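Report on the following structure.
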Amino acid sequence: MKHGSPKGLFVIDNKEATLDAIKQIKKVLTITLSQVKSLKANKKEENFETKRLCEAIIKNINILIDTIDKTRKTSLSRDLDYLYKHCLFAVIRVRDNKDFDFLVGVIDVLSNLTEGWERVGSSIKKAPAFG
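Under my numbering, the residues of the sequence shown are numbered -19 to 111, in order.
Structural data, given as structure tokens:
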């Protein structure tokens, strides 16, 4: 991943770029998590806000999916892809079927991923050598 581009997270050439990429991912995760919580709170309402939130969340999840370097066949890449697509599936169910049942799981997944990226970023900051 080069500076300013959220694609291919695992192809990063230096510590600063890695930390910047992680910061970008955490920002998208935090925003998406907030949107999912709002969507869950909005479940009794059938309105434009629900559709708007769903579309914004879907867009953000697709950004997260794009950060995965799919050229590498690692278990991490596969697992992140699966988790992001699970979240995508749940939000599409809300948008298309008004089925909010999976949103609690989405909140858990996004919370855990945010915490995981925070730990990765902290570890990289502490690393004496990189590259």
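We put the CB at the ideal spot given by N, CA and C, even for glycine.
Remember, predicted model here, so these are calculated numbers, not experimental data.
Identify, in the order they occur along the chain, each residue of the same chain with its Cβ nearer than 8 Å to the Cβ of residue i, setting aside the five sequence neighbours on each side.
i, result
"Ser102", "none"
"Leu117", "With the chain covering only -19 through 111, there is no way to say anything about residue 117."
"Leu(-1)", "Gly101, Ile104, Lys105"
"Ile87", "Leu13, Val16, Lys17, Lys20"
"Ala107", "Lys(-5)"
"Phe69", "Phe82"
Going by C-alpha distance, which of the options is nearest residue i?
i, options, result
"Val74", "Ile104, Leu56, Lys20", "Lys20"
"Leu44", "Glu25, Lys78, Ser57", "Ser57"
"Leu93", "Arg52, Asp76, Tyr62, Phe69", "Tyr62"
"Lys78", "Ala(-3), Cys34, Ala1", "Cys34"
"Asp76", "Ala1, Ile38, Ala(-3)", "Ile38"
Give the range of the alpha helix (DSSP H) segment to which residue i is assigned.
i, result
"Ala21", "-5 to 21"
"Arg58", "55 to 77"
"Ala107", "Per DSSP, Ala107 belongs to no alpha helix (DSSP H) and is neither H nor E."
"Phe80", "From DSSP, Phe80 is part of no alpha helix (DSSP H); its letter is neither H nor E."
"Lys31", "28 to 46"
If the criterion is Cβ atoms closer than 8 Å, does the pair residue i and residue j meet it?
i, j, result
"Val71", "Ile104", "no"
Would you say residue i reaches chain C, if we count a Cβ-Cβ gap shorter than 8 Å as a contact?
i, result
"Asp88", "Reference to chain C is not applicable here, since this structure consists of a single protein chain."
Going along the chain, which residues of its own chain have a beta-carbon closer than 6 Å to the beta-carbon of residue i, five neighbours each way excluded?
i, result
"Thr30", "Asn22"
Excluding sequence positions up to five away, which residues of its chain have a Cβ less than 7 Å from the Cβ of residue i?
i, result
"Ala36", "Gln15"
Using only the heavy atoms of the ligand ATP, determine whether one of them is closer than 7 Å to the beta carbon of residue i.
i, result
"Val74", "Of ligands this structure carries none, so the ligand ATP is not represented either."
*Is it true that the stretch 89 to 98 meets the stretch -1 to 11, where meeting means three or more beta-carbon pairs spaced less than 8 Å apart?*
Pairwise C-beta distances place the stretch 89 to 98 in contact with the stretch -1 to 11, as three or more of them are shorter than 8 Å.
*Decide if the stretch 48 to 63 is in contact with the stretch 78 to 87; the criterion is three or more beta carbon pairs, one per stretch, under 8 Å apart.*
no
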